[in-house]
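Trainee: Residue numbers (the working numbering), protein chains in the order written: chain A, 30 to 364; chain B, 30 to 364; chain C, 30 to 364; chain D, 30 to 364.
Handing you this structure, nothing more for now.
Protein chains: 4
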Amino acid sequence: MLNIAVIGCGRIGRIHAENLATRVPGARLAGVADIAAASAKEVAAQFHVPKATVDYRELLADRAIEAVAICSSTDTHSQIIQEAAAAGKHIFCEKPIDYDLARIHASLSAVKKAGVKFQIGFNRRFDPSFAKVRELVATGAVGEPHIIRITSRDPEPPDLDYIKVSGGIFLDMTIHDFDMVRFLSDSEAEEVYVIGDAKIVPAVRELGYVDTAIVTMRLINGVLATIDNSFKADYGYDQRIEVFGSKGSASAGNRKPDEHLLMDAAGVHEAKPLYFFLERYAEAYVLEMRAFVDAVLKNQTPSVSGNEGLQAVVMGLAATRSLRERRPVKLSEIA
Amino acid sequence: MLNIAVIGCGRIGRIHAENLATRVPGARLAGVADIAAASAKEVAAQFHVPKATVDYRELLADRAIEAVAICSSTDTHSQIIQEAAAAGKHIFCEKPIDYDLARIHASLSAVKKAGVKFQIGFNRRFDPSFAKVRELVATGAVGEPHIIRITSRDPEPPDLDYIKVSGGIFLDMTIHDFDMVRFLSDSEAEEVYVIGDAKIVPAVRELGYVDTAIVTMRLINGVLATIDNSFKADYGYDQRIEVFGSKGSASAGNRKPDEHLLMDAAGVHEAKPLYFFLERYAEAYVLEMRAFVDAVLKNQTPSVSGNEGLQAVVMGLAATRSLRERRPVKLSEIA
Amino acid sequence: MLNIAVIGCGRIGRIHAENLATRVPGARLAGVADIAAASAKEVAAQFHVPKATVDYRELLADRAIEAVAICSSTDTHSQIIQEAAAAGKHIFCEKPIDYDLARIHASLSAVKKAGVKFQIGFNRRFDPSFAKVRELVATGAVGEPHIIRITSRDPEPPDLDYIKVSGGIFLDMTIHDFDMVRFLSDSEAEEVYVIGDAKIVPAVRELGYVDTAIVTMRLINGVLATIDNSFKADYGYDQRIEVFGSKGSASAGNRKPDEHLLMDAAGVHEAKPLYFFLERYAEAYVLEMRAFVDAVLKNQTPSVSGNEGLQAVVMGLAATRSLRERRPVKLSEIA
Amino acid sequence: MLNIAVIGCGRIGRIHAENLATRVPGARLAGVADIAAASAKEVAAQFHVPKATVDYRELLADRAIEAVAICSSTDTHSQIIQEAAAAGKHIFCEKPIDYDLARIHASLSAVKKAGVKFQIGFNRRFDPSFAKVRELVATGAVGEPHIIRITSRDPEPPDLDYIKVSGGIFLDMTIHDFDMVRFLSDSEAEEVYVIGDAKIVPAVRELGYVDTAIVTMRLINGVLATIDNSFKADYGYDQRIEVFGSKGSASAGNRKPDEHLLMDAAGVHEAKPLYFFLERYAEAYVLEMRAFVDAVLKNQTPSVSGNEGLQAVVMGLAATRSLRERRPVKLSEIA
């Protein structure tokens, strides 16, 4: 059994806490921390957790705790990673590691030096539909990949306050799609070009941001990729991918809450996609945590490592610069 | 919080135990019983259950326990229901109550006399797709229902030993479909006619049973219904329903493990349906138990009552007689 | 080139005339007849047809004409078949041959005696989707067939005047489905049982007819079949089939006018099925006529012979009796 | 009735000839021309055409002929358009008008001066699925359009000889997609950026061409668009579009030859898309010609005018320059 603690009991922290407590064989949720004492206590009570605290350092100091899941706000990730690594804890960290490359490098160095396991929370890699597409690519079902297409649209925009500290759409939202491109292609990007506009939240324009965008990329292995993003799809969370290659196409469509079909005089109707990431990726959250716990218990390198966290941010920074300078930007200009 | 115990820790008992322990707000899994001590202990250990026993009567005697979920073998249901009712426990019971009408009536009388809540485990009513079809019917989306069609095929036959004590396909397998017809139509059946054959497990023929069947029914409210069953669909568990009415058709298709699509030179391919009832109805098992706990806590009558359990058996007996006598059989000949 | 004439220039006659004139290689539309002179002339003018007449006997007397397509009203089929056969013409005849078994037998005897080719217009056998299902069955893709399911619903009821002379739903509408069962199973039926009601056109009840029905059948080769019919599906023409067997299931769904998908706040919507038989089976009408012309030119027996026309009527008569007598009826009681 | 002649009896010319002869009410196919006398004669014989010639000028000199459909090779379009306009003939012309802007302008000037009707053969606008998406956009079903996505992949590459004179993928293949973007958005493009590679036919690289590409565009009305192209999709002709807007998404998927579904132990399988443009756009070819004939007969401006032909070429030239210069190119740099 792996004793693991959750740091940060917000929305995503609670999900990981619940999964660790009830759906991850081999894991024992040994502690929770949140700067709001009430949150930590509530989660602890709900899931039979022996230790709840406002100070994550208390968990890091607990020798019985072998691993931590860092679910606190992004600006604290780098600091906590470095402390946890120094304390010899294995680390699962929500994405992104940080928006700043220097702090990411510092975090990853600390992890490397400590020799602990590290997994970044790119949960979509564990979505059964996306994982199946990746498997089809890996087993050659589509031949040599030529084109990757991703549609990734949220059902509603985040709060403006959140947007202001988010680093912009490419670092906050597209970062998942950048990782998906890497996951599906097994390649780094060479050059990124974006076009975008503020169509949903006009105020993002003054921040130099956009809320609607199309990204195109050349990858080093020759694959061409395109991503389209929007802050708001009126019909719900729209998450689709396709890998097209010399032998065919593997794609994944949206998942619905149910499989009903209504045929009436007005047409043929079915359910909208699952509303948002909590619903759509519920299974992926369980599976990524199982993979992390499994990797630690078996002393294996997690499949989603620190470099994954780094590269997606580099792509996000390249996209951000492409938007500003209205030209294709090479990744070598960033990293 | 409702203190509830699970009696019978086999496959389905474990599912209810896990759900009660981790996914049913308002429930506290307070005890488990199984005639195999190891099974009871294992489940208790896994889900932090304070009491594990080989004797369910110990749970019935525990005044802190307010409700029980009866998941033991069918032949014990009637006895346990009556004892649990006498002990004032609210009762969730796996289907069927019994194959014998007298014992069903005795059970339901005991429940009625004790004034406890009773819910029968017709889990499919809680499947999101089927529930949505029912909702569409109830809200008039298909107008006046005219025809109900159900396809219900297992991915593999049960063991012959199980078949021998199962009462035959109509009491063991079609019973769920009979309940679904009642659920979708809000009506009792008037007359049942079946045709069938032994195509999968030839040995069932000697038992007077079939493993492949088509059932047709006139319902009292005028709806016409047809069900087709098979013990073995090579592509997995096939569970589809349709209600056709004066304004349209509402149907529910199968649910897949993922939403991938592969297009290649050989065709366009997608995933097979979820394999069997544990996968397909995982969500339904959670939702039915939430409904039961909720009904008890709010002092409401559960939506799936004892009469549901009775009527489906009556339909199964009528179908069994129709098979033997090769003629349409009225339900009034049975009950 | 085969010189062929069309007898009867109503709705279906015009379709065959147009197809023969423009879409059937090897055919030359050499004459048309209709009891309404204007209809015959109009069709002749539209498709460059050299001969138009009110008297089909004029066409039969024309030695240059080698084949006829009989598209006149059902009550004239038997007479025209016998005369055409006597005149040595190859015959394509719209379904049904007749409602009367004696007249069918007389027609088929005349055909046999004359040694001319005969094809009955069971166009659905040529529908690309249905033909593909049949091909999958024939090539063993579903293994040994166990269950056949057919849904066949019209978008709107016929006129009451038409219904009165139609012979009832089983001879007029289900007859196509009976033929489809034979086509898909390669077997005759043994016993038929139906339930039905008048839900769309109450006046059919007084005729002893129904407009909504479920048919079940045992076939001689052991396949079990079920058909559901309705005179009125509010969402359009609903034509679906399924063959389920030991290795899988082959089915055919409805065809839509287009492949659009609209996702909005209200749901996900697509087009309704093609409205009625003229739209749905447009391609089938071309293909059946190509098959007929091809069979004549190559001196082969058409794949849809006179016996097809006979057996479907026998099934329809058995169903009609089953409705009246509320019991399963063996085909041997009819033929 | 409109007397119309077809100039050029190659593959596409024959389709238009057949449609004009048999499926376009109001049209009379009055003449055909082809530089190969045999081709012209063959088409004339097949469709009852009174005049067949090797010299299109003979048709232009025929005062009874009111309109021409120009289906000859692209390099002859400009010349024939100008002569036909001078002869007062209404003109349907296959795409593209020309690859040279000066010749396009000369052609359109001649048309304008003569006051004849002119329609360019962007047949996809008449595809029922694409037309439905356009209708949904036009009626506001998706709100304000934000993103357009097009996938357009051929099932097999053209011959290298053809590629050499084709002007490259953007002028030959993507030109249809450029027109679709304009059709769906009702806007001109502002700037185009492309990435591409030679993955299917390596020899195109030496021509400075690509066979796999992703195009992104900003449109003047603010819409963002992306197109992905390939010369070879192993599963057939892949033609999909999507318009995403403030209220939802309207898309069109591929059309299949049939609607069968096979479920077996290996998965769930359906038919591949219709193979290529002749199959996929068969209906569109009929509908575009009906629209042209209708516009002439009603003295209305055809919905697909000369400017459509011009703008798509301008977009193709911008894309070609973007590929060469590896930067976004404004359309104002081209026109």
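Ideal Cβ positions, reconstructed from N, Cα and C, are used throughout, including at glycine.
Computed from a prediction, not measured in an experiment: that's the story for all the values here.
Would you call the segment 159 to 168 of chain D in contact with the segment 275 to 284 of chain D, where contact means no fewer than 3 C-beta pairs closer than 8 Å?
Mentor: The segment 159 to 168 of chain D, when compared against the segment 275 to 284 of chain D, does touch it at the 8 Å Cβ threshold.
Trainee: Please name the residue in D84/A, N48/A, G39/A whose C-alpha comes closest to that of R319/A.
Mentor: Walking along the first sequence from the start, residue 319/A turns up at place 290. Comparing Cα positions, the closest option is N48/A.
Trainee: Does the beta carbon of D183/C sit closer than 8 Å to a beta carbon anywhere in chain A?
Mentor: Translated into the one-based positions of the third sequence, residue 183/C becomes position 154. Output row for D183/C: interface = no.
Trainee: D129/C bridges to which residues according to DSSP?
Mentor: Residue mapping note: residue 129/C aligns to position 100 of the third sequence, counting from 1. Answer is none; D129/C lacks a bridge partner.
Trainee: Spatial neighbours of E173/D within its chain, please: CB distance less than 6 Å, with the 5 preceding and 5 following residues excluded, ordered by chain position.
Mentor: In the fourth sequence, counting from the first residue as 1, residue 173/D sits at position 144. Only G274, S275 meet the Cβ criterion.
Trainee: Using 10 angstroms around the beta-carbon of A262/B, count the other beta-carbons present and answer buried if the total reaches 16, otherwise exposed.
Mentor: To locate residue 262/B, count along the second sequence from 1; it is residue 233. A262/B is buried by the Cβ-count criterion.
Trainee: Less than 6 Å between C-beta atoms, sequence neighbours within five positions excluded: which residues of the same chain meet that for L419/C?
Mentor: Examination of residue 419/C is not possible in this model, given that chain C is present from 30 through 364 alone.
Trainee: Taking only three categories from DSSP, how would you classify K124/D?
Mentor: The count along the fourth sequence starts at 1 and reaches residue 124/D at position 95. DSSP places K124/D in coil when its eight states are reduced to three.
Trainee: Could one say the Cβ of P286/C lies closer than 8 Å to chain D's Cβ atoms, at least one of them?
Mentor: Here residue 286/C refers to the residue found at position 257 when the third sequence is read from its first residue. Closer than 8 Å: yes.
Trainee: Anything in chain A within Cβ reach of S275/B, meaning under 8 Å, just list it in chain order.
Mentor: Sequence index remark: in the second sequence, residue 275/B carries index 246 (1-based). Ordered by position in chain A, no residue passes the 8 Å Cβ test against S275/B, which lies about 10 Å from the chain.
Trainee: With DSSP as the reference, please indicate the residues paired to L248/C in a beta bridge.
Mentor: Counting from one through the third sequence, the residue named residue 248/C turns up at place 219. Per DSSP, A218/C.
Trainee: Against chain A, with Cβ distances strictly below 8 Å, would K301/C count as a contact?
Mentor: Residue numbering aside, residue 301/C sits at position 272 when the third sequence is read from its first letter. Judged by the 8 Å Cβ criterion, K301/C is in contact with chain A.
Trainee: Starting from G338/A and walking both ways along the alpha helix (DSSP H), at which residues does that stretch end?
Mentor: In the first sequence, the residue the question calls residue 338/A occupies position 309. Where G338/A is concerned, the enclosing alpha helix (DSSP H) stretches over 335 to 354.
Trainee: Residues of chain B with CB under 8 Å from P157/A, in chain order?
Mentor: Working through the first sequence from its first residue, we reach residue 157/A at position 128. In chain order: P286, D287.
Trainee: Taking C-beta pairs closer than 8 Å, name the residues in chain B that T349/C reaches, listed in chain order.
Mentor: Start at 1 with the first residue of the third sequence, and residue 349/C comes out as number 320. Neighbours of T349/C on chain B: none; closest Cβ ~17 Å, over 8 Å.
Trainee: Report all residues from its chain with a CB closer than 7 Å to the CB of Y304/D; omit the five preceding and five following residues, and keep chain order.
Mentor: Here the question's residue 304/D lines up with position 275 in the fourth sequence. Taken in chain order, the residues that qualify are P184, G265, Y266.
Trainee: Buried or exposed for S138/D, going by 16 or more other Cβ atoms inside 10 Å?
Mentor: For the purposes of this step, residue 138/D is taken as residue 109 along the fourth sequence, with counting starting at 1. It is exposed - the Cβ of S138/D has fewer than 16 other Cβ atoms within 10 Å.
Trainee: Would you identify the three-state DSSP class for L291/D, choosing helix, strand or coil?
Mentor: Here the question's residue 291/D lines up with position 262 in the fourth sequence. Strand, per DSSP.
Trainee: Whose Cβ in chain A lies nearer than 9 Å to the Cβ of M318/C?
Mentor: Residue numbering aside, residue 318/C sits at position 289 when the third sequence is read from its first letter. Within chain A, no residue comes near M318/C; the closest Cβ sits about 31 Å away, beyond 9 Å.
Trainee: Spatial neighbours of Q148/B within its chain, please: C-beta separation below 6 Å, excluding the five flanking residues on both sides.
Mentor: Taking the first residue of the second sequence as 1, we reach residue 148/B at position 119. So the qualifying residues of the chain are F121, F321, P331, V333.
Trainee: Please look up how many angstroms separate the CB atoms of A341/D and V358/D, rounded, as I've assumed it's under 8 Å.
Mentor: As a working mapping, residue 341/D is identified with position 312 in the fourth sequence. As a working mapping, residue 358/D is identified with position 329 in the fourth sequence. Wrong, their Cβ atoms sit about 15 Å apart, outside the cutoff.
Trainee: Scan the segment 167 to 179 of chain B for residues whose Cβ lies nearer than 8 Å to a Cβ of chain A and list them as they occur along the chain.
Mentor: Under the 8 Å Cβ criterion, the segment 167 to 179 of chain B contributes A170, V171.
Trainee: Does the structure place the segment 55 to 62 of chain D close enough to the segment 84 to 95 of chain D that three or more beta carbon pairs sit under 8 Å?
Mentor: The segment 84 to 95 of chain D vs the segment 55 to 62 of chain D: in contact.
Trainee: Should K146/A be labelled buried (16 or more other beta-carbon atoms within 10 Å of its own) or exposed?
Mentor: By 1-based counting over the first sequence, the position of residue 146/A is 117. It is buried - the Cβ of K146/A has at least 16 other Cβ atoms within 10 Å.
Trainee: Between D190/D and P231/D, what straight-line distance do the alpha-carbon atoms span, to the nearest angstrom?
Mentor: The residue labelled residue 190/D in the question sits at position 161 within the fourth sequence. The residue labelled residue 231/D in the question sits at position 202 within the fourth sequence. Straight-line Cα distance between these residues: approximately 14 Å.
Trainee: Looking at the C-beta of Y264/A, does it have a partner C-beta in chain C at a distance below 8 Å?
Mentor: Position 235 of the first sequence holds residue 264/A. True, the Cβ-Cβ gap to chain C drops below 8 Å.
Trainee: Check each residue of the segment 249 to 264 of chain C: if its Cβ is closer than 8 Å to any Cβ of chain B, include it; give the result in chain order.
Mentor: Within the segment 249 to 264 of chain C, the qualifying residues are G251, L253, A254, T255, D257, S259, K261, A262, D263, Y264.
Trainee: Taking G296/D as the query, report the chain B residues whose CB atoms sit under 9 Å from its CB, ordered along the chain.
Mentor: Taking the first residue of the fourth sequence as position 1, residue 296/D is located at position 267. Those within 9 Å of G296/D in chain B are Y264, L291, H298, E299, A300, K301.
Trainee: Could you tell me which uninterrupted alpha helix (DSSP H) segments, each at least 4 residues in length, are contained entirely in the segment 84 to 172 of chain A, listed from first to last along the chain?
Mentor: DSSP runs (the alpha helix (DSSP H)) wholly in the segment 84 to 172 of chain A: 85 to 89, 103 to 115, 130 to 143, 157 to 167.
Trainee: Assign F273/D to one of three DSSP states: helix, strand, or coil.
Mentor: Counting from one through the fourth sequence, the residue named residue 273/D turns up at place 244. Three-state DSSP puts F273/D in a strand.
Trainee: May I ask you to list the residues that DSSP assigns as paired with A279/A?
Mentor: Residue numbering aside, residue 279/A sits at position 250 when the first sequence is read from its first letter. DSSP output for A279/A lists V272/A, L291/B as bridge partner(s).
Trainee: Over what stretch of residues does the beta strand (DSSP E) that includes N32/B continue unbroken?
Mentor: Locating residue 32/B in the second sequence gives position 3, where the first residue counts as 1. 31 to 36 is the span of the beta strand (DSSP E), which, as asked, contains N32/B.
Trainee: Please report whether the beta-carbon of A65/B lies at a distance below 8 Å from any beta-carbon of chain A.
Mentor: Locating residue 65/B in the second sequence gives position 36, where the first residue counts as 1. No, A65/B does not count as interfacial toward chain A.
Trainee: Using only the alpha-carbon positions, how far apart do R284/B and D206/D sit?
Mentor: Here residue 284/B refers to the residue found at position 255 of the second sequence. Here residue 206/D refers to the residue found at position 177 of the fourth sequence. The straight-line gap from Cα to Cα measures roughly 35 Å.
Trainee: Using a Cβ-Cβ cut-off of 8 Å, state whether S214/A counts as contacting chain B.
Mentor: The sequence position of residue 214/A within the first sequence is 185, counting from 1. With 8 Å as the cut-off, S214/A does not count as an interface residue toward chain B.
Trainee: Can you confirm whether the segment 38 to 53 of chain D touches the segment 94 to 101 of chain D when touching is taken to mean that 3 or more C-beta pairs between the two stretches lie within less than 8 Å?
Mentor: A contact exists between the segment 94 to 101 of chain D and the segment 38 to 53 of chain D.
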